[in-house]
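Colleague: Have a look at the structure that comes next, please.
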Amino acid sequence: MSQPFRSADIRQAFIDYFISKQHTAVPSSSLIPHNDPTLLFTNAGMNQFKETFLGMETRDYTRAVTSQKCVRAGGKHNDLDNVGYTARHHTFFEMLGNFSFGDYFKQAGIAYIWEFLTSKDWLAIDKDRLYVTIYETDDEAFDIWHTEIGIPAERIIRIGDNKGAPYASDNFWTMGDTGPCGPCTEVFYDHGPEIEGGLPGTPEEDGDRFIEIWNCVFMQFNRQKDGTMLPLPAPSVDTGMGLERISAIMQGVHSNYEIDLFVHLMDAAADILGIANEQQASLNVIADHIRAVAFLIADGVLPSNEGRGYVLRRIIRRAVRHGNKLGAESDFFYKMVAPLVAEMGDAYPELKDKQSQIENAIQKEEAQFAKTLAQGLRLLASELEDLQDGDTLSGAAAFKLYDTYGFPLDLTADITRERGILINEDEFDEHMQAQRDRARDAGKFDVDYSSVIQVDTPTEFIGYEQLTEDNVTLLAVYQNGEATEALNEGMEGVVVLDRTPFYAEGGGQVGELGEIRTATGVFEVQDTKKSGQAIIHHGIVTMGEISAKQSAEAQVLSDIRSASAKNHSATHLLHAALRQVLGHDVTQKGSLVSSDVLRFDFSYDKPVTDTEIMQIERLVNEQIQANVQACIEHMPIDDAMNKGAVALFGEKYGDDVRVLTMGTEQVVDGQRQPFSIELCGGLHVERTGDIGIFKITSEAGIAAGIRRIEAVTGMNAVKYLQQGDQQLSELAAQLKVKRPNIAARVQTMADKQRELEKQLERLQQKMASAQAANLLDDVQNIADVPVLISTLSGIDGKSIRTLMDDIKSKLPDSVIVLIGDKDGQLALAASVAKSVTGRIKAGDIIRHLAGELGGKGGGKPDYAQGGAPKPDNSAAIIGSLPAWLESQLG
Ligand code: SER
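Numbering (the UniProt record's numbering), first residue to last: 1 to 890.
Given below as structure tokens:
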């Protein structure tokens, strides 16, 4: 390699080296793990090969090399809190990896590492700076390192189960609580004695001197939920080397943030903020976070309040807060996208393609955060209103500010300190911990491979052509995830067939219902799912018994199938119509197709108007009425794309894809193409007319920038329209008008109600003044001060204020307390004449009274007000007020 070892050169050298060792270069997979509910984000190079390691999927190659986009924030392997303050933690990083699927194992795995790191043709790292660790009992790895590679025994460190449980070890790698895993060997680099830290296995190992650069996992087991280790079909190799760490070594710097890529990003950040780059920790944070944020958005994540979107939101807000710490006064973070594209856009073209989308999403989130910041300040001000010097703000309030309004604790503390108010930090920490636990749980999903790994024969799906097949075989039967011989009447379980007409849940379409009948019993199918290459039927034995190896007849419920097919085809037409009406930026974010309803989520940043909804409905129904044949073809993916087929971003497609075209021909961008053309493996109608009718039932936002449309078709749509029609008839009958006149009648009624409310208010005020005249009779003398305390029923806070002004003028040098009692609420007001405020203050009276009544209130020395929900003992509390006033005035 030639100097200066730019990160981009190292990435390329790694790939070239392994290509020279017969590895296939495979592109990075999306940061959103495909079809793997056990994982929040792609966090290692091996993720995209998980099923290959498990033997559930085969590839055309047995050796692969990748540079994989990874995010470790949220879920297992969460580094977010450390990022910016250590030399090596990142939310986003690139993992270089080589993989063997049942091909080479420990010997070649280790030899490749050593050659690439130390050979003068490759990285030529000084061998004396390298140490290795192995799993304590892995003598085979020891022998290879020692005897074949020639590493002195004292530089090979054995690490046992140092994390307190069997296989819980730095040298036993597991992807998650379940899935492929195995012992590993790691290579460490010595950054030199001037840096603090000790060798792995010593008490000082967490220091920064000896840094792990390459992890090579010998994949041998599939870990089950209960901790059992089942052997994998073939021993394999999975390695990972962080590009940022190896770049630091090759560029002779200690911190990852000093490598070329980060220096450029931090310079850009400093420029944008108008400050000098003095390697402030906050600049590290911004440079790190823009990578995670931009790549996540490019892969389809948007900020939201749950799951992946929530992690993204926290990363953006953390970056914005650090920008504010450095003096940013308005949106700045989105401006980091351009410098990032300049650095990484060549290696990852999705960044270039989606640059403006990424910028918009970030800027929107920044604007939203700015809004919550102001709201948070208002909330804090109201929390502080009732607190005095020396009081403590509850941890719950501080946490709410942090969590809901994105207020860091130290910002809240700055504000409260000025008022002499402390924060209950212990309580804040408890809330924080509870949230972390929740976040961790959100990243942990419950999937057990034990029942599926045994099914190595794929199920042939024959349901595109037929609903019934009378000659299928029960390959296996499961109860509670365990293979069993038979299921008796009343037992729930899972059945796997050699061939099946049942469609397995996928592509948004839910599983199917029906029956599997054998000579001895009937199994009612309640749901069908995919597991590896097999289709599994969940259900219950409703008659007799069924057993493995029996032959059977399988029958899908045709009504349900046909209702689902209508909804699925209508979903495609809806997608196409949305793009015509709202623009081609609309992309699918999710869908659900059942026999009752269809649901379609898509990116769009404002509500769809009623007129647009009607236009969309009209377009779809026009296509239905055109009654065109739906056409299904298989073709190479590139041909499908050339034809303008819509594919889902981040979805995994084979080379040969199933393409569904529907509807009349249209001219799009000067090209003739069918109304809808999409890649799809689902079940559809034969002609668009089969859908019958399409009606949208709701449109709503479900997250920032994501809308959801729900709709119905066929008889469900007829039912929906009939219900609406019936409701209108009932309404017309109740209002005693013809249907076209309903709106006008409702408007007249609303106007009349407003007029009546005004009249009522005027009457109440008149009543209040009338009462005021009588009230003067109730004045008592307390410690030489005329005092009036009066409870007025049916009077609200507004009228109380008018009344108070009225009485005050008639009763100089007095204390007046009025309590309005209306609709279960008490409105409190106190007035203290200026001549008396030296002896008692209105604010104190209201605070006392509201406190006793369980409400809130306060104000100035001469006038204060408050309120409380009326407690049962309110009369007694109000009755004790003269005695209290006497104690204060006396
Ligand atoms: N899967 C291992 C890791 O992530 C090696 O690639 O460290």
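Just so you know, even glycine gets a beta-carbon here, dropped at the ideal spot from N, CA and C.
Model, not experiment: these values are computed from the prediction.
Going by DSSP, what residue range makes up the beta strand (DSSP E) through residue 173?
Modeller: Position 173 of the sequence shown, counting from 1, holds the residue named residue 173. Unbroken beta strand (DSSP E) run through residue 173: 172–174.
Colleague: Could you say if the stretch 455–474 and the stretch 494–506 meet the contact criterion of at least three C-beta pairs nearer than 8 Å?
Modeller: yes
Colleague: Along the chain, where does the alpha helix (DSSP H) containing residue 617 start, and where does it finish?
Modeller: Stepping through the sequence shown from its first residue, residue 617 is reached at position 617. That run of the alpha helix (DSSP H) goes 610–626.
Colleague: Kindly indicate which three-state DSSP category residue 744 falls into: helix, strand or coil?
Modeller: By 1-based counting over the sequence shown, the position of residue 744 is 744. Of the three classes helix, strand and coil, the one that applies to residue 744 here is helix, per DSSP.
Colleague: Would you report the Cα separation of residue 878 and residue 849, rounded to the nearest angstrom?
Modeller: Residue numbering aside, residue 878 sits at position 878 when the sequence shown is read from its first letter. Residue numbering aside, residue 849 sits at position 849 when the sequence shown is read from its first letter. The alpha-carbon atoms of residue 878 and residue 849 are separated by roughly 8 Å.
Colleague: Here's a check: name, in chain order, each residue in its chain whose Cβ is nearer than 8 Å to the Cβ of residue 803, leaving out the five neighbours to either side.
Modeller: Working through the sequence shown from its first residue, we reach residue 803 at position 803. Cβ neighbours of residue 803 beyond the five flanking positions: 768, 769, 771, 772, 792, 795, 818.
Colleague: Could you tell me which uninterrupted beta strand (DSSP E) segments, each at least 3 residues in length, are contained entirely in the stretch 749–785, listed from first to last along the chain?
Modeller: Entirely contained in the stretch 749–785, the beta strand (DSSP E) runs reaching 3 residues are, in chain order, 780–782.
Colleague: Could you check which residue in 494, 278, 872 has the C-alpha nearest to that of residue 483?
Modeller: Here residue 483 is taken as the residue at index 483 of the sequence shown, counted from 1. Minimum Cα distance to residue 483 is reached at 494.
Colleague: Cβ of residue 215 versus every heavy atom of the ligand SER: is any distance shorter than 7 Å?
Modeller: For the purposes of this step, residue 215 is taken as the residue at position 215 of the sequence shown. Answer for residue 215: yes, Cβ within range of the ligand SER.
Colleague: In terms of residues, what are the limits of the alpha helix (DSSP H) holding residue 213?
Modeller: Indexing the sequence shown from 1 puts residue 213 at position 213. No alpha helix (DSSP H) holds residue 213; the beta strand (DSSP E) holding it covers 210–223.
Colleague: Return yes when the C-beta of residue 73 is under 7 Å from any heavy atom of the ligand SER, and no when it is not.
Modeller: By one-based count along the sequence shown, residue 73 stands at place 73. No - the ligand SER has no heavy atom lying nearer than 7 Å to the Cβ of residue 73.
Colleague: How many angstroms separate the CA atom of residue 949 from the CA atom of residue 189?
Modeller: A query on residue 949 cannot be resolved here, the shown segment of the chain reaching from 1 to 890 and no further.
Colleague: Give the DSSP-derived three-state secondary structure of residue 502 in the structure shown.
Modeller: Position 502 of the sequence shown, counted from the start, is the residue given in the question as residue 502. Coil, per DSSP.
Colleague: Suppose you measure from the CA of residue 475 to the CA of residue 489; what does that come to, to the nearest Å?
Modeller: Numbered from its first residue, the sequence shown carries residue 475 at position 475. Numbered from its first residue, the sequence shown carries residue 489 at position 489. Rounded to the nearest angstrom, the gap between the Cα atoms of residue 475 and residue 489 is 19 Å.
Colleague: State yes or no: is the C-beta of residue 239 nearer than 7 Å to some heavy atom of the ligand SER?
Modeller: Numbered from 1 along the sequence shown, position 239 holds the residue referred to as residue 239. At least one heavy atom of the ligand SER is nearer than 7 Å to the Cβ of residue 239, so yes.
Colleague: Please tell me whether, using a cut-off of 7 Å, the distance from the CB of residue 44 to the nearest non-hydrogen atom of the ligand SER is below it.
Modeller: Translated into the one-based positions of the sequence shown, residue 44 becomes position 44. Yes, the Cβ of residue 44 comes within 7 Å of a heavy atom of the ligand SER.
Colleague: Assuming residue 795 is part of the alpha helix (DSSP H), what are its boundary residues?
Modeller: Residue numbering aside, residue 795 sits at position 795 when the sequence shown is read from its first letter. Where residue 795 is concerned, there is no enclosing alpha helix (DSSP H), given that its DSSP letter is neither H nor E.
Colleague: Does the stretch 277–289 touch the stretch 125–145, meaning 3 or more C-beta pairs lie closer than 8 Å?
Modeller: no
Colleague: Identify whether residue 127 lies in helix, strand or coil by the three-state DSSP scheme.
Modeller: Taking the sequence shown and counting its residues from 1, one reaches residue 127 at position 127. Of the three classes helix, strand and coil, the one that applies to residue 127 here is helix, per DSSP.
Colleague: My assumption, with CB atoms under 8 Å, is that residue 304 sits in contact with residue 704. Please give the rounded CB distance.
Modeller: As a working note, residue 304 is residue 304 in the sequence shown. As a working note, residue 704 is residue 704 in the sequence shown. The pair is a contact, with the Cβ atoms about 6 Å apart (cut-off 8 Å).
Colleague: Cβ of residue 114 within 7 Å of any heavy atom in the ligand SER?
Modeller: For the purposes of this step, residue 114 is identified with residue 114 of the sequence shown, where counting begins at 1. Because no heavy atom of the ligand SER lies under 7 Å away, the Cβ of residue 114 does not count as near it: no.
Colleague: From what residue to what residue does the alpha helix (DSSP H) around residue 245 run?
Modeller: For the purposes of this step, residue 245 is taken as the residue at position 245 of the sequence shown. Here the alpha helix (DSSP H) through residue 245 covers 243–250.
Colleague: Do you know offhand how far residue 534's Cα is from residue 457's?
Modeller: Taking the first residue of the sequence shown as position 1, residue 534 is located at position 534. Taking the first residue of the sequence shown as position 1, residue 457 is located at position 457. Cα to Cα, the separation comes out at about 7 Å.
Colleague: To the nearest angstrom, how far is the alpha carbon of residue 780 from that of residue 829?
Modeller: Taking the first residue of the sequence shown as position 1, residue 780 is located at position 780. Taking the first residue of the sequence shown as position 1, residue 829 is located at position 829. Going by the C-alpha atoms only, they are around 18 Å apart.
Colleague: Closest by CA to residue 460, which one among 585, 295, 531, 823?
Modeller: If you number the sequence shown from 1, residue 460 lands on position 460. The shortest Cα separation from residue 460 among 585, 295, 531, 823 belongs to 531.
Colleague: Around the Cβ of residue 226, are there at least 16 other Cβ atoms within 10 angstroms (buried) or fewer (exposed)?
Modeller: One-based indexing of the sequence shown puts residue 226 at position 226. The residue is exposed, with fewer than 16 neighbouring Cβ atoms inside 10 Å.
Colleague: Using only alpha-carbon positions, find the residue among 358, 541, 108 that is nearest to residue 479.
Modeller: To locate residue 479, count along the sequence shown from 1; it is residue 479. It is 541.
Colleague: Reducing DSSP to helix, strand and coil, say where residue 402 ends up.
Modeller: Taking the first residue of the sequence shown as position 1, residue 402 is located at position 402. The answer is helix: DSSP assigns residue 402 an H, G or I state.
Colleague: Given a threshold of 16 other Cβ atoms within 10 Å of its Cβ, counted over all protein chains shown, does residue 707 qualify as buried or as exposed?
Modeller: Here residue 707 is taken as the residue at index 707 of the sequence shown, counted from 1. Label assigned to residue 707: buried.
Colleague: Beta carbon of residue 176: closer than 7 Å to some heavy atom of the ligand SER?
Modeller: In the sequence shown, residue 176 corresponds to position 176, counting from 1. Every heavy atom of the ligand SER is 7 Å or more from the Cβ of residue 176, so no.
Colleague: Counting Cβ pairs closer than 8 Å, one from the stretch 252–265 and one from the stretch 220–237, do we hit at least three?
Modeller: no
Colleague: Could you tell me the distance, in whole angstroms, from the CA atom of residue 286 to the CA atom of residue 322?
Modeller: Your numbering for residue 286 matches position 286 in the sequence shown. Your numbering for residue 322 matches position 322 in the sequence shown. Distance between the alpha carbons of residue 286 and residue 322: 7 Å.
Colleague: Output yes or no for whether 8 Å exceeds the beta carbon distance between residue 558 and residue 630.
Modeller: Mapped onto the sequence shown, residue 558 falls at position 558. Mapped onto the sequence shown, residue 630 falls at position 630. Against a cut-off of 8 Å, the Cβ pair of residue 630 and residue 558 comes out as no contact.
Colleague: Could I get the ranges of all uninterrupted beta strand (DSSP E) runs contained in the stretch 473–503, with 3 residues as the minimum, in chain order?
Modeller: 482–484, 492–497
Colleague: In this structure, what does DSSP give as the bridge partners for residue 865?
Modeller: By one-based count along the sequence shown, residue 865 stands at place 865. Bridge partners of residue 865: 829, 858.
Colleague: For the stretch 596–616 against the stretch 717–725, are there 3 or more C-beta pairs whose distance is under 8 Å?
Modeller: no
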